[in-house]
Structures are given as structure tokens and as C-alpha cells.
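Student: Under my numbering, the letters of the sequence shown match residues 3 to 220, in that order. Note that beta-carbon positions come from the ideal geometry of N, C-alpha and C, so glycine has one too. Treat the numbers as computed from the prediction; the structure is a model and nothing was measured.
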Amino acid sequence: MSKLEAVIFDLDGVIVSTDHYHYLGWKRIADEEGIPFDEKKNDRLRGVSRMESLEILLEPATRTYSEAEKTELATRKNDVYRDLLRQLKPGDTLPGAIELCDALRAAEVKLAIGSSSRNSPAILEYLGLDGYFHATADGNDIRNSKPDPEVFLLAAERLGVAPAAALVVEDAEAGVSAAVNGGFKCLAVGAAAGDERAHLSAPDLAQLTARDLQRLYD
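In C-alpha cells form, the structure reads like this:
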């Protein structure tokens, strides 16, 4: 069995929570277009790319949107979201996230971000974490979003480790699927905790130690 050499973290919902900012951005677009949208619908957008999220939002629309119109809507949503992200500051990470990362670094485990978001660089900068992770892979680097494993495979490649030696931490069903599809072990937290496909689950990272993760590879 492979030794734990790396941990690849999803960003939104694992290291930081920007779900409400996403919701506010999509809600504004939906309201402007006269399309019903609520937090239950927003839950379906977890771990999904921007354009795929837009398709879900447009499902109840009473008219058909051209590709140009869809691009414009997605851009408007992202502009709202990016403005809201400016509220983030160092310390706005989820409970236990940095403590666990620090413990893993002390154990010489490599760390990476694997996120479908194209806004990952800005989020990490606002949190004061730019340069903290050994590698990042995000929506700017990939063609296929989760549940395709591309982002996690790219993160592992950039770390120089095999999928069998890397653990993925996810909070979304699509992300758990991506981890399993890529041959990674998976820790499911938050909304994904309890997913039967995950190798380990916890409400949040504050419940775990570096040793808990390493035991998966003993």
C-alpha cells in the first residue's frame, strides 16, 4: 500500500466557505431574469463549473438563451461574486483547516488545491494563503470540471505524486466522484460527509488530525 505523500484540498467548502457569495451572485442574475432560484437549487451547484451552474439555473427559464447571452450572464454573475470576495481576509478559513494543513506540512506531506473555480488565485490571496500550498490546479487550468478527475490528476502531477499516494478532501458529491474516478482516496467533509464512496468522513477538518489521514495508508 502506498504511503500518504500528499493531500489535495478542494477550496470552497473545505478551506473557506464562499457558498453564500455564490448564492448571492446567482440569485441576482436569476432575479434580473425573472427565474425562480433558491438555496435548495443553489445546493445543486456545489463543485460544478460556472457554465454548468448557469445551465442548472436556466432550467425553469421560459425562453431559450443564446450562447452569447449565456456567456454574458455568467460574466455578470462572476463580477458580482468577485466583488463580494473582497470581503475575505486572513483568518476567514473554516474551522481546523489551517491547523490540519500545518500539521501535514510538519509531517512532510505535500499540499495542493484542486478546485473547479477560476477565482481560486484571488481567494487564496485575500486569505493570505497565496504561496502556502505546494501546488494549485483550478478552473483556469482544466477543460473538464468535476466529476471528471482532471483537476485532481493535474494537482497530483504538479506535486509529483501518484493518485494512489494522494488523498482528496471534498465537500461536494461531484468532487467525491472526481476523486474516486481518478483513483484517489477521499475524505468527505461538510455537505458530502457520510458519502458511502468516501474512505473517511467528518463534519469539518477540526475533527481530524494528520495521523487520522495517515492511517488510511497504513
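Write down the C-beta distance between L189 and V111 rounded to the nearest angstrom, noting that I regard them as a contact closer than 8 Å.
Tutor: 13 Å between Cβ atoms; not a contact.
Student: Between L60 and I37, what straight-line distance do the alpha-carbon atoms span, to the nearest angstrom?
Tutor: Their backbone Cα atoms lie some 7 Å apart in a straight line.
Student: Check K112 in the structure and name its three-state DSSP category.
Tutor: Of the three classes helix, strand and coil, the one that applies to K112 here is strand, per DSSP.
Student: So, L169 versus L215, is the Cβ gap smaller than 7 Å?
Tutor: Yes; because the gap between Cβ atoms is below 7 Å, this pair is in contact.
Student: Starting from F11 and walking both ways along the beta strand (DSSP E), at which residues does that stretch end?
Tutor: Its beta strand (DSSP E) spans residues 8-11.
Student: Per DSSP, what are the beta-bridge partners of A168 in this structure?
Tutor: DSSP lists A8 as partners of A168.
Student: What's the C-alpha gap between A200 and D220?
Tutor: Rounded to the nearest angstrom, the two C-alpha atoms are 17 Å apart.
Student: Kindly give me the distance between the Cβ atoms of G49 and K148, rounded to whole angstroms, as I take these residues to be in contact under 8 Å.
Tutor: Indeed, because the Cβ distance is near 5 Å, the residues count as touching under 8 Å.
Student: Leaving out five residues before and five after A193 in sequence, what residues of the same chain have Cβ atoms less than 6 Å from its Cβ?
Tutor: Closer than 6 Å at Cβ, skipping near neighbours: D173.
Student: Alpha helix (DSSP H) containing L156: first to last residue?
Tutor: 152-161 is the span of the alpha helix (DSSP H), which, as asked, contains L156.
Student: Here's a check: name, in chain order, each residue in its chain whose Cβ is nearer than 6 Å to the Cβ of S55, leaving out the five neighbours to either side.
Tutor: Around S55: L47.
Student: Can you tell which of L129, Y128, R160, V182 has its C-alpha closest to the C-alpha of D143?
Tutor: For D143, the nearest C-alpha among the options comes from R160.
Student: Do you know offhand how far V171's Cα is from Y67's?
Tutor: Rounded to whole angstroms, V171 to Y67 spans 36 Å at the Cα level.
Student: Exposed or buried, what is K42 when buried is set at 16 or more other beta-carbons lying within 10 Å of its beta-carbon?
Tutor: With fewer than 16 other Cβ atoms within 10 Å, it is exposed.
Student: Going along the chain, which residues of its own chain have a beta-carbon closer than 8 Å to the beta-carbon of D132, five neighbours each way excluded?
Tutor: Here the set comprises P123, L126.
Student: For T20, which residues from the same chain have a beta carbon less than 6 Å from its beta carbon, with the 5 sequence-adjacent residues on both sides left out?
Tutor: Within the same chain, T20 has close Cβ partners D14.
Student: With distances taken between CB atoms, is the gap from A114 to A99 smaller than 7 Å?
Tutor: Cβ atoms of A114 and A99: not closer than 7 Å.
Student: In the DSSP assignment, find the beta strand (DSSP E) that holds S203 and state where it starts and stops.
Tutor: Taken as a continuous stretch (DSSP letters only), the beta strand (DSSP E) holding S203 covers 202-204.
Student: Which residue from D206, E34, F39, L210 puts its Cα closest to that of T95?
Tutor: With distances taken between Cα atoms, T95 lies closest to D206.
Student: Tell me the rounded alpha-carbon separation between T64 and E34.
Tutor: Rounded to the nearest angstrom, the two C-alpha atoms are 14 Å apart.
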